[in-house]
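Student:
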Amino acid sequence: MAGGGGGGGGSSSHHGGKYTKKSRSRSYISTGLMLTSMLDILTTILFFLMKNYSQVQSDFNVGKDISLPYSSSVTPPVNALQMVVTQKAIMVDQEKVADIVNGDIPKEDLAQGILVKSLALKLKKQKDRNIVQNDVDKKGFAGTIVMQADKGLQFNVLKKILYTAQLSDFVTLKLAVLKKDEG
Amino acid sequence: MAKKPSDRTHRSRPDDSLNLTPLIDMITCLMFFLMMFASILPVVMIDAPLPKVASTAEEVKQAKNDEAKMEVQVTINSKGFSVKSDIAAEKTFTVGPKGYPYDELHKYLVGLKTKRPTAKELTLMPSDDTSYEIMIGVMDASRELYKDDPGYQALSPEIAKKPESQQFNRLFPEVSIGGV
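Protein chains in written order, with our numbering: chain A, 2 to 184; chain B, 35 to 214.
1) Specify the secondary structure class of L36 (chain A) as computed by DSSP and reduced to three states.
2) Compute the Euclidean distance between the alpha carbons of A194 (chain B) and R204 (chain B), then round it to the nearest angstrom.
3) In the DSSP assignment, find the beta strand (DSSP E) that holds D137 (chain B) and state where it starts and stops.
4) Per DSSP, what are the beta-bridge partners of A90 (chain A) in this structure?
5) Determine whether the beta carbon atoms of D151 (chain A) and Y166 (chain B) lie at a separation below 8 Å.
6) For T148 (chain B), which option in B:D50, B:K113, B:I121 has the closest C-alpha, if you only look at C-alpha atoms?
7) According to DSSP, is Y166 (chain B) part of a helix, a strand, or is it coil?
8) Taking C-beta to C-beta, are T87 (chain A) and G104 (chain A) nearer than 8 Å?
9) Since I believe S176 (chain B) is in contact with A82 (chain B) (beta carbons under 8 Å), could you give me their beta-carbon distance rounded to a whole number of angstroms?
10) Among the candidates A:L50, A:L69, A:K52, A:F48, whose CA atom is the shortest distance from the CA of M169 (chain B)?
11) Beta-carbon within less than 7 Å of N131 (chain A)'s beta-carbon, same chain only, minus the 5 sequence neighbours each way: which residues are those?
12) So M51 (chain A) contacts chain B; which residues on that side make the cut at Cβ distance below 7 Å?
13) Going straight from the alpha carbon of G144 (chain A) to that of I61 (chain B), what length do you get?
14) Please tell me whether N131 (chain A) has its Cβ less than 8 Å away from any Cβ of chain B.
15) Please report the distance separating the alpha-carbon of S59 (chain A) from that of L174 (chain A).
16) DSSP state of Q149 (chain A), grouped into three classes?
17) By the criterion of Cβ-Cβ separation under 8 Å, what are the contact partners of S199 (chain B) in chain A?
18) Hey, could you find the ends of the beta strand (DSSP E) T76 (chain A) is sitting in?
19) If the cut-off is 8 Å on Cβ atoms, which residues from the stretch 149 to 164 of chain A count as contacting chain B, listed in chain order?
20) CA-CA distance, A81 (chain A) and L176 (chain A)?
21) Out of B:G212, B:C63, B:F202, which has the shortest C-alpha to C-alpha gap to Y186 (chain B)?
22) Return the chain-ordered list of same chain residues with a C-beta closer than 6 Å to the C-beta of V144 (chain B), the five sequence neighbours on each side being excluded.
23) Taking the C-alpha atoms as reference points, what is the distance between P85 (chain B) and G130 (chain B)?
24) Tell me, please, which residues DSSP counts as bridged to M79 (chain B).
25) Which bits of chain A does E167 (chain B) rub up against, with CB to CB less than 8 Å?
26) Among A:S169, A:F156, A:L47, whose alpha-carbon lies nearest the alpha-carbon of L116 (chain A)?
27) Can you find a CB in chain A that lies within less than 8 Å of the CB of P151 (chain B)?
28) Three-state secondary structure (DSSP) at E216 (chain B)?
29) Which residues in chain A have a C-beta closer than 8 Å to the C-beta of L57 (chain B)? List them in chain order.
30) Is the CB of S161 (chain B) under 8 Å away from at least one CB in chain A?
31) Could you round the C-beta distance between S119 (chain B) and E105 (chain B) to whole angstroms and report it? I think they count as a contact, below 8 Å.
32) Could you tell me which residues DSSP puts in a beta bridge with I61 (chain B)?
33) When the cut-off is 8 Å and only beta carbons count, does T173 (chain A) lie next to chain B?
34) Quick check on L124 (chain A): buried or exposed, where buried means 16 or more other Cβ atoms within 10 Å of its Cβ?
35) With distance defined between alpha-carbon atoms, name the residue in B:Y134, B:L54, B:L156, B:L68 nearest to F248 (chain A).
36) Less than 8 Å between the C-beta atoms of L57 (chain B) and L40 (chain A), yes or no?
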């Protein structure tokens, strides 16, 4: 736009004051930003993201302060009650129910040395709510629970949690892990 | 009256190039939303049913019938793995310089599966100091056949990435956590 006008103006003095056809046909120089290559890049990224988008489960949130182990499993996530076990706490449905101190559950939170009291209470509430919401009898209760646990946790802690879940009729345990990259 | 050449040169030329700005706007918006949701970590599940306490006579009867199946039990401790089954003597795998011998365990389990192809269940018996990561490693080693295992069925890449692929190349797919 500006380049074209400027080129014509400058040509009159160059050809001894005469305005020639040659000067008018001088190539038009665009000074605008070249967006074509940027568009190419953006389109490529867009296709890549859209291809992968279908494989990503957007409704599954990994808990904070947690490092999940990697696995070769390919089973997709399911919607169920979420239990998150970090190095510091046990959370059910994003609500903290018990602490983990020095890699173990404090004795005052336990009954018979293995049952996590606050967790059992929370799971009972969840079970009752589930039965009412889904209008099923106690036999029809699926008892599905998804556990996200830190990879550094020891079985000493996990067995207390699993025992509590088992006694609370949450026996369909699903372990959330990160998909191992095979490439 | 004719204009001077210098006046004529100020004519505006129509811009005949394609206007890409709206297209870039649209792509940028799409990218933003896709990246926001696609940045979530690829989470998958492992089924690890807990043993249910048999309360009725029917459940007790069913549990007794289940005992007729092959019982494979993998004990995990700081020294390594120990595999017990009712068709072979106890086998121990010790921790080497590279860590836990998952591959050796896997090969042994493939041997057991060859002897009893109908077997599907395996029980983990971790010691108190066993980390969760090692338990997941054992589950991975015992769940499915590897490419170089006998009886492995090659799958197309499209099927291999889908959950349907779990119907193929099973080793001991029903892993439960014992000692609870």
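All C-beta atoms, glycine included, are put in the ideal place defined by N, C-alpha and C.
Tutor: Considering the structure as presented:
1) Within the first sequence, the letter at position 35 stands for residue 36 (chain A). Here L36 (chain A) sits in coil by DSSP.
2) Within the second sequence, residue 194 (chain B) is the residue found at index 160, counting from 1. Within the second sequence, residue 204 (chain B) is the residue found at index 170, counting from 1. Distance between the alpha carbons of A194 (chain B) and R204 (chain B): 13 Å.
3) Taking the first residue of the second sequence as 1, we reach residue 137 (chain B) at position 103. Per DSSP, D137 (chain B) belongs to no beta strand (DSSP E); it is in the alpha helix (DSSP H), 136 to 149.
4) Start at 1 with the first residue of the first sequence, and residue 90 (chain A) comes out as number 89. For A90 (chain A), which the question treats as bridged, DSSP gives the partners A:D100.
5) Here residue 151 (chain A) is taken as the residue at index 150 of the first sequence, counted from 1. Here residue 166 (chain B) is taken as the residue at index 132 of the second sequence, counted from 1. Result yes, Cβ atoms of D151 (chain A) and Y166 (chain B) sit closer than 8 Å.
6) As a working mapping, residue 148 (chain B) is identified with position 114 in the second sequence. T148 (chain B) has its Cα closest to that of B:I121, out of B:D50, B:K113, B:I121.
7) Residue numbering aside, residue 166 (chain B) sits at position 132 when the second sequence is read from its first letter. In this structure, Y166 (chain B) counts as helix in the three-state DSSP scheme.
8) The residue you call residue 87 (chain A) lines up with position 86 of the first sequence. The residue you call residue 104 (chain A) lines up with position 103 of the first sequence. Not a contact, by the Cβ cut-off of 8 Å.
9) The residue given as residue 82 (chain B) occupies position 48 in the second sequence. The residue given as residue 176 (chain B) occupies position 142 in the second sequence. About 12 Å separates the two Cβ atoms, so there is no contact after all.
10) Start at 1 with the first residue of the second sequence, and residue 169 (chain B) comes out as number 135. Considering only alpha carbons, the answer is A:L69.
11) Locating residue 131 (chain A) in the first sequence gives position 130, counting from the first residue. Result list for N131 (chain A): F142, in chain order.
12) Residue mapping note: residue 51 (chain A) aligns to position 50 of the first sequence, counting from 1. Within 7 Å Cβ-Cβ: L68.
13) On the first sequence, residue 144 (chain A) is found 143 positions in, with the first residue counted as 1. On the second sequence, residue 61 (chain B) is found 27 positions in, with the first residue counted as 1. Approximately 44 Å between the Cα atoms of the pair.
14) By one-based count along the first sequence, residue 131 (chain A) stands at place 130. N131 (chain A) does not count as touching chain B.
15) Here the question's residue 59 (chain A) lines up with position 58 in the first sequence. Here the question's residue 174 (chain A) lines up with position 173 in the first sequence. Confidence in S59 (chain A) is poor, its pLDDT being 48 and thus under 50, which makes the residue's placement unreliable; the coordinate value appears in the next sentence. Spanning the two alpha carbons is a distance of roughly 21 Å.
16) The sequence position of residue 149 (chain A) within the first sequence is 148, counting from 1. Three-state DSSP puts Q149 (chain A) in a strand.
17) Mapped onto the second sequence, residue 199 (chain B) falls at position 165. The answer, in chain order, is V75.
18) Taking the first residue of the first sequence as position 1, residue 76 (chain A) is located at position 75. Annotation: T76 (chain A) is outside any beta strand (DSSP E) and is labelled neither H nor E by DSSP.
19) So the list reads A150, D151, K152, G153, L154, Q155, F156, N157, L159, K160, L163, Y164, given in the order they occur along the chain.
20) The residue labelled residue 81 (chain A) in the question sits at position 80 within the first sequence. The residue labelled residue 176 (chain A) in the question sits at position 175 within the first sequence. Their backbone Cα atoms lie some 11 Å apart in a straight line.
21) Start at 1 with the first residue of the second sequence, and residue 186 (chain B) comes out as number 152. Ranking the options by Cα distance to Y186 (chain B), first place goes to B:F202.
22) One-based indexing of the second sequence puts residue 144 (chain B) at position 110. Answer for V144 (chain B): D183, listed in chain order.
23) Against the second sequence, residue 85 (chain B) aligns to sequence position 51. Against the second sequence, residue 130 (chain B) aligns to sequence position 96. Put simply, the backbone Cα of P85 (chain B) is about 32 Å away from that of G130 (chain B).
24) As a first step, residue 79 (chain B) is located in the second sequence; it is residue number 45 there, counting from the start. Beta-bridge pairing links M79 (chain B) to A:T76, A:A177.
25) Translated into the one-based positions of the second sequence, residue 167 (chain B) becomes position 133. Those are P70, K152, G153, listed as they occur along chain A.
26) If you number the first sequence from 1, residue 116 (chain A) lands on position 115. Just measuring C-alpha positions, the residue of A:S169, A:F156, A:L47 sitting nearest L116 (chain A) is A:S169.
27) Stepping through the second sequence from its first residue, residue 151 (chain B) is reached at position 117. No, no contact with chain A.
28) In the structure displayed, chain B extends from 35 to 214; residue 216 (chain B) sits before or after that span and is not available.
29) For the purposes of this step, residue 57 (chain B) is identified with residue 23 of the second sequence, where counting begins at 1. The answer, in chain order, is L40.
30) Start at 1 with the first residue of the second sequence, and residue 161 (chain B) comes out as number 127. Yes - at least one Cβ of chain A is within 8 Å of the one on S161 (chain B).
31) Taking the first residue of the second sequence as 1, we reach residue 119 (chain B) at position 85. Taking the first residue of the second sequence as 1, we reach residue 105 (chain B) at position 71. Between the beta-carbon of S119 (chain B) and that of E105 (chain B) there is about 7 Å, and that keeps the pair under the 8 Å contact cut.
32) Taking the second sequence and counting its residues from 1, the one referred to as residue 61 (chain B) is at position 27. For I61 (chain B), which the question treats as bridged, DSSP gives no partner whatsoever.
33) To locate residue 173 (chain A), count along the first sequence from 1; it is residue 172. Cβ-Cβ to chain B under 8 Å: yes for T173 (chain A).
34) For the purposes of this step, residue 124 (chain A) is identified with residue 123 of the first sequence, where counting begins at 1. By the C-beta density criterion, L124 (chain A) is buried, having at least 16 other C-beta atoms within 10 angstroms.
35) Outside the modelled stretch of chain A, which goes from 2 to 184, sits residue 248 (chain A), for which no answer is possible.
36) For the purposes of this step, residue 57 (chain B) is identified with residue 23 of the second sequence, where counting begins at 1. For the purposes of this step, residue 40 (chain A) is identified with residue 39 of the first sequence, where counting begins at 1. Yes. Within cutoff.
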